[in-house]
Structure formats: C-alpha cells, structure tokens
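> Sharing a structure here in structure tokens format.
Protein chains: 2
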Amino acid sequence: MNSAIPATIIEIKTACSQCNLRELCLPFGLDPREINQLDELVGSRRKIKRQQHLYRSGESFEAIYAIRAGSFKTDVILEDGRDQVTGFQMTGEVLGLDGISTEHHSCNAIALEDSEVCVIPFSRLEELSRQVESLQHQFHKIMSREIVRDHGVMMLLGSMRAEERLAAFLLNLSQRFTARGFSPSEFHLRMTRDEIGSYLGLKLETVSRAFSRFQEEGLVAVQQKHIRILDTPGLKRLLNHHTI
Amino acid sequence: MNSAIPATIIEIKTACSQCNLRELCLPFGLDPREINQLDELVGSRRKIKRQQHLYRSGESFEAIYAIRAGSFKTDVILEDGRDQVTGFQMTGEVLGLDGISTEHHSCNAIALEDSEVCVIPFSRLEELSRQVESLQHQFHKIMSREIVRDHGVMMLLGSMRAEERLAAFLLNLSQRFTARGFSPSEFHLRMTRDEIGSYLGLKLETVSRAFSRFQEEGLVAVQQKHIRILDTPGLKRLLNHHTI
DNA sequence: GGAGCCCTTTGATCCACATCAATACGATTA
DNA sequence: TAATCGTATTGATGTGGATCAAAGGGCTCC
Numbered sequence: 050m051n052s053a054i055p056a057t058i059i060e061i062k063t064a065c066s067q068c069n070l071r072e073l074c075l076p077f078g079l080d081p082r083e084i085n086q087l088d089e090l091v092g093s094r095r096k097i098k099r100q101q102h103l104y105r106s107g108e109s110f111e112a113i114y115a116i117r118a119g120s121f122k123t124d125v126i127l128e129d130g131r132d133q134v135t136g137f138q139m140t141g142e143v144l145g146l147d148g149i150s151t152e153h154h155s156c157n158a159i160a161l162e163d164s165e166v167c168v169i170p171f172s173r174l175e176e177l178s179r180q181v182e183s184l185q186h187q188f189h190k191i192m193s194r195e196i197v198r199d200h201g202v203m204m205l206l207g208s209m210r211a212e213e214r215l216a217a218f219l220l221n222l223s224q225r226f227t228a229r230g231f232s233p234s235e236f237h238l239r240m241t242r243d244e245i246g247s248y249l250g251l252k253l254e255t256v257s258r259a260f261s262r263f264q265e266e267g268l269v270a271v272q273q274k275h276i277r278i279l280d281t282p283g284l285k286r287l288l289n290h291h292t293i
Numbered sequence: 050m051n052s053a054i055p056a057t058i059i060e061i062k063t064a065c066s067q068c069n070l071r072e073l074c075l076p077f078g079l080d081p082r083e084i085n086q087l088d089e090l091v092g093s094r095r096k097i098k099r100q101q102h103l104y105r106s107g108e109s110f111e112a113i114y115a116i117r118a119g120s121f122k123t124d125v126i127l128e129d130g131r132d133q134v135t136g137f138q139m140t141g142e143v144l145g146l147d148g149i150s151t152e153h154h155s156c157n158a159i160a161l162e163d164s165e166v167c168v169i170p171f172s173r174l175e176e177l178s179r180q181v182e183s184l185q186h187q188f189h190k191i192m193s194r195e196i197v198r199d200h201g202v203m204m205l206l207g208s209m210r211a212e213e214r215l216a217a218f219l220l221n222l223s224q225r226f227t228a229r230g231f232s233p234s235e236f237h238l239r240m241t242r243d244e245i246g247s248y249l250g251l252k253l254e255t256v257s258r259a260f261s262r263f264q265e266e267g268l269v270a271v272q273q274k275h276i277r278i279l280d281t282p283g284l285k286r287l288l289n290h291h292t293i
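From first to last, the protein sequence lines are chains A and B.
The first sequence begins at 50 in the numbering used here and counts up one residue at a time.
The second sequence begins at 50 in the numbering used here and counts up one residue at a time.
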C-alpha cells in the first residue's frame, strides 16, 4: 500500500503550502502561487536532537531556519564562561537572523527537545523577496518583531523584579501557545529552571522560589515542568501594579 | 556672492552621495548610480530640538530615520511609569525599525541634543530595495546588527555587575566615536547619569559611584559629562576577568 | 526496572545595589 | 553677581536576590 504512494506526495506534505504553521511563519500574507515559489526555495529540512546545536557562534552564516517541530534556545557565551539565554523559540518562529550582519552567527542555537527545522538559504531568500513583495514585507516584519521582542526583554531585565519577570515570562509563553492552538493555561516547559533563570537574569533558586510563591498564592499550579495557570488576571496585575 | 549659488547645490550637499556618513549608513556598499537612486527616495530632513520626540510609542509607522547630526535615545514606558532606555543612537545610525512589525512605533525616540534626521519613507525603501540588491542587503544587515546589539545588552543586563556594565558601555561609545573619526579616548556624554542608569539597569547613584571608582583606579578621568579614557586595556580586563 | 545523575526545592546567610538623604556643582537667566 | 534649577556626588542604611548547603524527586539510559 505505502509503496503505491508516489514520493512527491510525501514531499508536498512537508511544503510551506501544506504546513499548518504558515500563518505564523514566513509564508504569512502570500498567495498560493507565491507560496509555491517559496516551497522551491526551502531546500531541505534538518532534524536536531535534544541538546544538539543547530548552529554555533562564529560559524559562517548561510541560511535562516524556520522551526517546523520542537523548540530551541539561543544563547551568548562570554570568554569567562558566563552565558546568557537570549531567547526561546517555538514552531513557526525563525532562527539565525543574528548571522546576517557579519555573515557569521553571533549566538548558539540549541534544541530543547528533538526538533526539525526548514533550511532557508539566505541569498535565495533575498533573491525571491526582490520578486515577491509580500514575502519581502513579511520577512521585514519578522526581523522587526525580533527587535521589539528584544526591547521587551531589556525592559524586563532592566526594570522588573524577580516575580514580575517570571509572570511576564509565563504570560508570554501562554500567549504563544495559544497562537499555536494549544491551551493558554496548561503547558509543559521545555527548559530547565536554570535556563529560565539565565533568560530572566535570575538564579535558578530564585526562579524556583518565585514558582513556589505563585503556587502558594493560587496563581499557578506547578509540578516540575508542568504548568497550569489558574489566575491570568492575577499574573497581569503583578506586572502593572508595581507598588513602590 | 551667495545668491549666485543655484539652490540645487544646497540640495546636493545634503544628499546621500555627498554625505560623509554614507559608509556607516544605508548607502554603504552601493555604487554611485545606486546612491543617486537612494537620494531621490530620501525625501525630506527633519530637525529635532533637544528633548523633543522624533516619534512616540503608538504613533503609526511611515518612515525610518537616519541620523544626520546629533544623537537620540529610545525608550519604552510601562503603564506604572517605569521606563527603560533601550538604546542610544548616533550619526549614521537608523531609527524606527521597531515600527515595521505592527505598523506602529513601539518605543519613543527623543533627541539628546539639537539633531537632524533624514526621513526615509519605508514603503519606498522596500520598493527600491526590490530593485537594488546591494541596498536590500545593507538594509538587512542594519536590522540584523540591531538584533545582535540587543543580545549584547541582554548579556549585559542579565549577567554583568555594575562596574562591568559601565565599562562595556564606555568601550562601546569609544568604538562608535572612533568609527566616526572622533577621539577614541576623549568624548562628551550626551546623556545624564539617570539615562545611563536606565540603559544599564542601574540607579543613577550606582552609575555615579562606578564613575568615581574608575577615576580612583586611574581608568578614566571624569568631569561631569566629559570623559577621558586613560586605560582601555584596564577597562577591557574588567569585562573579561570575572573573578568568581 | 533499577542505578545514577541531573534537576528542583527549601533553608540560612551574605552582599551588591537600591534607597534615603544631604550637599555640591554648573549652567542658565535675571 | 546672585538666584534658580537640573544634575552629580557622596554617605548611611536597607533589602532583594545571590550564594552556600543539603535533601528529595524524577528522568534517562542501561
């Protein structure tokens, strides 16, 4: 039976035109004909096992990557060993934009679970986006969104206290899970307390204590990496009503 | 005498092709013919007085801006009044990239001194960069550079101590002044201690104390906003040799 | 299915930076 | 030259989160 299915069908199954993430990803706003053009460009897919690098800081930049399945973290490491997680990425999000500026990657991208990415050769993407206006615009939006996100993280790191940071983090995850059709209130963290802490500029013990505090106050139910948000407005209140 | 000069000459004087910042700015890598095309696109210039806004968070996005003279800060403000400076920009740098993602600006841009910017209507920039490959590529590099810079700030805010942050800040300024043909070791700060503190995630008193400490140790000579770097290697050492 | 290891939680103590407070400086204007 | 105001410095004290420490829990990989 299976051998009767032509190989091309399997190919189409993994194309942008058939991908259920297309509304979040590069194809957003493209018409069907344009998506087909994009399909031709997305050459290959790559599977990355948990804990393995998609790319490393210093490697030469050739392509950007759209996450098809799984999730990643990006981090920057200083000579003395200190490292900072700069982001967590999930399906439909794009990795590798940091590499455009110097033709070399400036951070590491590591899979948090077994994952798969679509490889988008950058020079070909530039070529096609010179022809397809909507692709060009969507790509610019994706880069700009990354800049806006980074400003949010700066705000978080520069002016918020520990519990506010964690609340903001959970609300952000909730919103991104929702956009992917998952529950807004119940999800599984793919990263450790240490990684969350690095991202939020806190130590893992502080993250753990903040989780415990949220649990005591009935804001969330925490069981290891399984999170249930019980009081979204309560978490939001934590963010805005900063009692000086 | 002056009246004999045709008006067009004054126009040309302020065009990209004649601008001494072109190696830092959008025209970088373009050939003379392409720069002329860019000239036509850069419609107008705008003067912004000290302390005035170039744009505000929430305003609709129409154009990006290249700084021709002066300097700016960008900041994000929360409802409860807390604000975070997300960057300081100087000549040749581009402002407004945050607005592409939602068609609305997501931060404020405020002049630190009397300044002038070139207004670059964004839809026309996209149009021209579909025709001019080198412009497209340079624009992508500028956006990517902003992302890389933001990651550096995250590292700074998330994993460095107060004096390291200030050292990194001074070295960064020094390098940018150098790129503009100014002294690497002697310059005038355009921003207050409070603004530096907001950018670095510190209080103004902490910034002031760190300056005093650097002075005691002979790393810099500080007199209000006038800075003389006396020991660049010393500052760099402060960054890398993090004694745990 | 069990051994080992990593991850998480929780408590006790410490310290870097915040906060509070007062003074001093410099630029601007009268 | 004095008055005013925003900015900067410096000192005293407080505190949120870091650090140190130990025990418990749950994956992962044989």
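Cβ coordinates follow ideal geometry from the N, Cα and C atoms, glycine included.
Since the structure is predicted, the reported quantities are computational estimates derived from the model, not experimental observations.
Considering only residues of the same chain and omitting the five flanking positions on each side of B:K96, which have a CB-CB separation below 6 Å?
Locating residue 96 of chain B in the second sequence gives position 47, where the first residue counts as 1. Cβ neighbours of B:K96 beyond the five flanking positions: E165.
> Can you list, in chain order, the residues of its chain with a C-beta nearer than 6 Å to that of B:Q180? Leave out the 5 residues immediately preceding and following it.
Residue mapping note: residue 180 of chain B aligns to position 131 of the second sequence, counting from 1. Here the set comprises nothing.
> From the DSSP secondary-structure annotation, give me the bridge partner or partners of A:P170.
For the purposes of this step, residue 170 of chain A is identified with residue 121 of the first sequence, where counting begins at 1. Looking at the DSSP assignment, A:P170 forms a beta bridge with A:A112.
> By how many angstroms is the C-alpha of A:L249 removed from the C-alpha of A:E162?
Position 113 of the first sequence, counting from 1, holds the residue named residue 162 of chain A. Position 200 of the first sequence, counting from 1, holds the residue named residue 249 of chain A. Roughly 21 Å separates the two Cα atoms.
> Please state if the CB of B:V125 and the CB of A:M204 are separated by a distance shorter than 9 Å.
Here residue 204 of chain A corresponds to residue number 155 of the first sequence, with the count starting at 1. Here residue 125 of chain B corresponds to residue number 76 of the second sequence, with the count starting at 1. Yes. Within cutoff.
> What did DSSP end up calling A:F188 once you bin it into helix, strand or coil?
In the first sequence, the residue the question calls residue 188 of chain A occupies position 139. A:F188 falls in the helix class under three-state DSSP.
> Within its chain, find whatever has a CB closer than 8 Å to the CB of A:S223; leave out the 5 residues flanking it on each side and keep chain order.
For the purposes of this step, residue 223 of chain A is taken as the residue at position 174 of the first sequence. The answer, listed in chain order, is P233, S234, F236, I278, T281.
> Check each residue of the region 203-219 of chain A: if its Cβ is closer than 9 Å to any Cβ of chain B, include it; give the result in chain order.
M203, M204, L205, L206, G207, S208, M209
> Beta-carbon of B:Q138 versus every beta-carbon of chain A: anything under 9 Å?
Residue mapping note: residue 138 of chain B aligns to position 89 of the second sequence, counting from 1. So, not an interface residue.
> Residues bridged to A:V143 by DSSP?
As a first step, residue 143 of chain A must be located in the first sequence, where it is residue number 94. Answer is A:A115, bridged to A:V143.
> Could you check what DSSP says for B:V91 in three-state terms: helix, strand or coil?
For the purposes of this step, residue 91 of chain B is identified with residue 42 of the second sequence, where counting begins at 1. When DSSP states are grouped into helix, strand and coil, B:V91 belongs to the coil group.
> Closer than 9 Å between beta carbons: that is the criterion. Which residues of the region 237-252 of chain B meet it against chain A?
S247, Y248, L249, G250, L251
> Quick check: the Cα distance between A:S52 and A:N157, rounded to an integer number of angstroms?
Within the first sequence, the letter at position 3 stands for residue 52 of chain A. Within the first sequence, the letter at position 108 stands for residue 157 of chain A. Residue placement at A:S52 is poorly supported in this model, since its pLDDT is 42, which falls under 50; the coordinates still yield a value, given next. Computed Cα separation, rounded: 40 Å.
> Taking A:N69 as the reference, which of A:A112, A:A118, A:S109, A:G107 has the closest Cα?
Walking along the first sequence from the start, residue 69 of chain A turns up at place 20. Among A:A112, A:A118, A:S109, A:G107, the Cα nearest to that of A:N69 is on A:A118.
> Locate the beta strand (DSSP E) running through A:E235, then write down its first and last residues.
The residue you call residue 235 of chain A lines up with position 186 of the first sequence. From DSSP, the beta strand (DSSP E) with A:E235 extends over 235-237.
> Give the straight-line distance between the Cα atoms of A:R131 and B:K285, rounded to the nearest whole angstrom.
As a working note, residue 131 of chain A is residue 82 in the first sequence. As a working note, residue 285 of chain B is residue 236 in the second sequence. Each residue's alpha carbon lies about 16 Å from the other.
> For a contact defined as C-beta to C-beta under 7 Å, what are the partners of B:I113 on chain A?
In the second sequence, residue 113 of chain B corresponds to position 64, counting from 1. Result: empty, since nearest Cβ-Cβ is about 10 Å, beyond 7 Å.
> Please compile the residues from chain A whose C-beta is within a distance smaller than 8 Å of the C-beta of B:I196.
The count along the second sequence starts at 1 and reaches residue 196 of chain B at position 147. Going along chain A in sequence order, the residues near B:I196 (Cβ under 8 Å) are L146, D147, S150, M192, E195, I196, D199.
> Give me the Cβ distance between B:Q187 and B:F77, rounded to the nearest whole Å; I'm assuming they're in contact under 8 Å.
Here residue 187 of chain B refers to the residue found at position 138 of the second sequence. Here residue 77 of chain B refers to the residue found at position 28 of the second sequence. 5 Å between Cβ atoms; contact.
> Quick one: what's got a C-beta closer than 8 Å to B:E60's C-beta in the same chain, skipping five residues either side?
Against the second sequence, residue 60 of chain B aligns to sequence position 11. Residue placement at B:E60 is flagged as unreliable, the pLDDT there being 45, under the threshold of 50; the coordinate-derived value follows with that caveat. Excluding sequence neighbours, B:E60 sits near nothing in its chain.
> Starting from B:S120 and walking both ways along the beta strand (DSSP E), at which residues does that stretch end?
On the second sequence, position 71 is the one that residue 120 of chain B refers to. Following the DSSP letters along the chain, one finds B:S120 inside the beta strand (DSSP E) bounded by residues 120-126.
> Run through chain A and tell me which residues come within less than 9 Å of B:H153, C-beta to C-beta.
Taking the second sequence and counting its residues from 1, the one referred to as residue 153 of chain B is at position 104. What B:H153 touches in chain A: nothing, since even the nearest Cβ is about 10 Å away.
> In the structure shown, what three-state DSSP assignment does B:S164 receive?
Taking the second sequence and counting its residues from 1, the one referred to as residue 164 of chain B is at position 115. Correct three-state label for B:S164: strand.
> Report the option in A:Y114, A:L253, A:K190 whose CA atom is closest to the CA atom of A:G92.
Against the first sequence, residue 92 of chain A aligns to sequence position 43. For A:G92, the nearest C-alpha among the options comes from A:Y114.
> Among A:V202, A:T151, A:C167, which residue has its Cα nearest to the Cα of A:V134?
Start at 1 with the first residue of the first sequence, and residue 134 of chain A comes out as number 85. Closest by alpha carbon: A:V202.
> For A:G136 versus A:Y104, is the C-beta spacing smaller than 9 Å?
Sequence index remark: in the first sequence, residue 136 of chain A carries index 87 (1-based). Sequence index remark: in the first sequence, residue 104 of chain A carries index 55 (1-based). Against a cut-off of 9 Å, the Cβ pair of A:Y104 and A:G136 comes out as no contact.
> What is the rounded straight-line gap between the Cα of A:H275 and the Cα of A:F263?
Against the first sequence, residue 275 of chain A aligns to sequence position 226. Against the first sequence, residue 263 of chain A aligns to sequence position 214. Computed Cα separation, rounded: 14 Å.
> Going straight from the alpha carbon of A:I245 to that of B:A64, what length do you get?
Here residue 245 of chain A refers to the residue found at position 196 when the first sequence is read from its first residue. Here residue 64 of chain B refers to the residue found at position 15 when the second sequence is read from its first residue. Going from the Cα of A:I245 to the Cα of B:A64 covers about 48 Å.
> Name the chain B residues whose beta carbon is nearer than 9 Å to that of A:C156?
For the purposes of this step, residue 156 of chain A is taken as the residue at position 107 of the first sequence. Here the neighbours are V197, H200.
> Across which residues does DSSP place B:A158 in a beta bridge pair?
Mapped onto the second sequence, residue 158 of chain B falls at position 109. Answer is B:Y104, B:T123.
> Quick one: does A:T135 have its CB under 9 Å from some CB of chain B?
To locate residue 135 of chain A, count along the first sequence from 1; it is residue 86. Answer yes: the Cβ-Cβ gap between A:T135 and chain B drops below 9 Å somewhere.
> Below 7 Å CB to CB, which residues in the same chain sit around A:E212 once its five sequence neighbours on both sides are set aside?
Position 163 of the first sequence, counting from 1, holds the residue named residue 212 of chain A. The answer, listed in chain order, is A259, R262, L287.
> How would you list, in chain order, the residues of chain B whose beta-carbon sits under 7 Å from the beta-carbon of A:V125?
One-based indexing of the first sequence puts residue 125 of chain A at position 76. Those within 7 Å of A:V125 in chain B are H200, M204.
> With distances taken between CB atoms, is the gap from B:M192 to A:H189 smaller than 9 Å?
For the purposes of this step, residue 192 of chain B is taken as the residue at position 143 of the second sequence. For the purposes of this step, residue 189 of chain A is taken as the residue at position 140 of the first sequence. Between B:M192 and A:H189, the CB-CB gap stays under 9 Å.
> I'd like the span of the alpha helix (DSSP H) that includes B:A217, first residue to last.
Taking the first residue of the second sequence as position 1, residue 217 of chain B is located at position 168. Its alpha helix (DSSP H) spans residues 211-228.
> Does the distance from the CB of A:S155 to the CB of A:L79 come in under 9 Å?
As a first step, residue 155 of chain A is located in the first sequence; it is residue number 106 there, counting from the start. As a first step, residue 79 of chain A is located in the first sequence; it is residue number 30 there, counting from the start. No.
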